[in-house]
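To start, the structure under review is shown below, and the notes come after it.
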């Protein structure tokens, strides 16, 4: 088993390409400070994360291919009207709604997390529709890509 790990690590290192970039000193200092304040992530991983994030944004803006997103909602679980409207919105999502998670937060508040998969335009429209429902206390769409 250890041998497999070594081979996998060697393969990952072979797949890496090293390159140099030029960056103003003050910008690099701010970037390093940002990394130190956040989670001590190294520069290489932080730059890879920035590139991945930009590629996801472009995939969503271009609407190319299948996309994935989560919609997080907080609402009053004793408001029957908002629950009815949410159920209708979820049914309207059809096959794009692939999973849900419900968590009681205490009191009358509940958190729902919806996982959507499909064309970017359809997912964005469906998310905006449910987020705009009267009775949603807070909500957010988080876009990523498959």
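In the numbering used here, the protein residues as written are 1057 to 1202. All residues carry an ideal CB built from backbone N, CA and C; glycine is no exception.
In the displayed model, residue 1117 falls within a helix according to three-state DSSP. 7 Å or more divides the Cβ of residue 1180 from the Cβ of residue 1154. Contact annotation, residue 1126 with residue 1169: C-beta distance approximately 6 Å; criterion of less than 8 Å satisfied.
Nearest to residue 1171 by alpha-carbon distance, out of 1129, 1071, 1105 and 1090, is 1129. Look at the beta carbons and you see the stretch 1138-1152 touching the stretch 1179-1199: at least three pairs across the two are nearer than 8 Å. Contact between residue 1133 and residue 1165 holds: CB atoms are separated by about 7 Å, below the 8 Å threshold.
Taken in chain order, the unbroken stretches of alpha helix (DSSP H) that lie wholly in the stretch 1106-1173 and span 4 residues or more are 1136-1148.
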